[in-house]
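One structure is given here, and the rest of the page talks about it.
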Amino acid sequence: MTTLRSSRPLDRLREEVRGTAPLPALSGERYALTHAAYEAASDQRPRLEAWLARELPPLLAGIDPVRVVGVGVGDGTVDAVLAAALASDGRRVHYTGVEPHAASAVGFAGRLAALAVSALIPTVVIGDFADHDAGAPADLVHFVHSLYYVDDLSAALDHALSMVRPGGLLVAATAPLEPLCVLTELLCPWGGHRPWFAEDVRAELDLRGLDVRAETLVGHLDVRDALLGGGEDVLDFLVGARTSAMEPQVRAQMLDYLRDISLSGSVGVVPHPLDLTIARIP
-7 MTTLRSSRPL
3 DRLREEVRGT
13 APLPALSGER
23 YALTHAAYEA
33 ASDQRPRLEA
43 WLARELPPLL
53 AGIDPVRVVG
63 VGVGDGTVDA
73 VLAAALASDG
83 RRVHYTGVEP
93 HAASAVGFAG
103 RLAALAVSAL
113 IPTVVIGDFA
123 DHDAGAPADL
133 VHFVHSLYYV
143 DDLSAALDHA
153 LSMVRPGGLL
163 VAATAPLEPL
173 CVLTELLCPW
183 GGHRPWFAED
193 VRAELDLRGL
203 DVRAETLVGH
213 LDVRDALLGG
223 GEDVLDFLVG
233 ARTSAMEPQV
243 RAQMLDYLRD
253 ISLSGSVGVV
263 PHPLDLTIAR
273 IP
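By our numbering, the letter at position 71 of the sequence shown is numbered 63, and the numbering carries on one by one without gaps.
Printed below as a string of structure tokens:
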């Protein structure tokens, strides 16, 4: 019997991956290095920072002090922009960053302290969000690129919702599965962990009957070096693994998929979307 081979690059990639050994996971040091390269190859972060600074302060107008809990804040690059915007005009801001990695948490504390805004009171908590007790109710709890990694998405969202005062906000910035995260889902050695993407977050929030506003921020990722045989750092972060160990036929199909989703007239520049979800707590 003849088996018809799919003409879709993603389907062909799935066929090539089937039966291959998992790729080596990224070390902590490699993750940090490739993350920096990935951010440099994309315009998503500055678009996100501008969106946060523009959209969130008006939704929290008239609240002073405003209490914020950021989950998985990393080194605070994004949070510093939001904190400065919230603290404009002298409004007091109590900003707590929850971060499990100590080195990143130190970076968060230093970055927010460096703003030298007298109305801003930053606090960093080194540990898992599941163990965090916010104390006073928060006006805003946000997850920026951090929900992918939680063990139990439903439990994480319920924990966050329990921290937010009535009328407050829960905000999630999470990538949709397509077009890029299908590669992460397929090629990353998850080790039994179930990854979560924007579709999962929205489904969980819909189950809770919340008043939800959502929009998609479309950035662009430059993978032209990868298509020319380089760009290993960007590819490693994209799939969450060491792509140098990838079988040649798998690599060829992955690159074919990246060509297929490239913007018209810009081969190697691919859409890099981020779904932004704002839930108002009743």
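In this text, a Cβ means the ideal position worked out from N, Cα and C, and glycines have one as well.
- Bounds of the alpha helix (DSSP H) holding PRO49 are 36 to 51.
- With a 10 Å radius around the Cβ and a threshold of 16 neighbouring Cβ atoms, THR208 comes out exposed.
- If you look at TYR249, you'll find it in the alpha helix (DSSP H) that goes 240 to 252.
- Distance between ASP214 and VAL262, taken at the CA atoms: about 7 Å.
- Excluding sequence positions up to five before and after CYS173, its CB lies within less than 6 Å of the CB of ALA167, PHE189, all in the same chain and listed in chain order.
- GLU207 is bridged by DSSP to LEU268.
- In the DSSP assignment, the residues bridged to SER258 are LEU255.
- ALA45 and VAL73 have their alpha carbons spaced roughly 7 Å apart.
- Counting along the chain, the unbroken beta strand (DSSP E) around VAL116 starts and ends at 112 to 118.
- In its chain, beyond the 5 residues on either side, GLY223, VAL259, GLY260, VAL261 have a beta carbon closer than 8 Å to the beta carbon of ARG216.
- Residues ALA271, ARG272, PRO274 of the same chain have their beta carbon placed closer than 8 Å to that of ASP203, with the five preceding and five following residues left out of the count.
- Residue nearest to TYR141 within the set ARG103, GLY183, PRO187 is PRO187 (criterion: CA-CA distance).
- Look at the beta carbons and you see the region 159 to 166 not touching the region 114 to 124: under three pairs across the two are nearer than 8 Å.
- Residue nearest to GLY54 within the set ASP3, GLY159, ARG234 is GLY159 (criterion: CA-CA distance).
- Going by beta carbons, VAL9 and LEU178 fall inside the 8 Å limit.
- In this chain, the beta strand (DSSP E) harbouring LEU162 covers 156 to 166.
- As the crow flies, the alpha-carbon of PRO265 is around 9 Å from that of GLU170.
- Below 8 Å, enough C-beta pairs join the region 125 to 142 and the region 52 to 67 to call them touching: three or more.
- Around the beta carbon of GLY99, 16 or more other beta carbons lie within 10 angstroms, which makes this residue buried.
- Secondary structure note for ALA126: it is in no alpha helix (DSSP H), with a DSSP letter that is neither H nor E.
- Taking 8 Å as the cut-off, the beta carbon of GLY221 is found no closer than this to the beta carbon of SER34.
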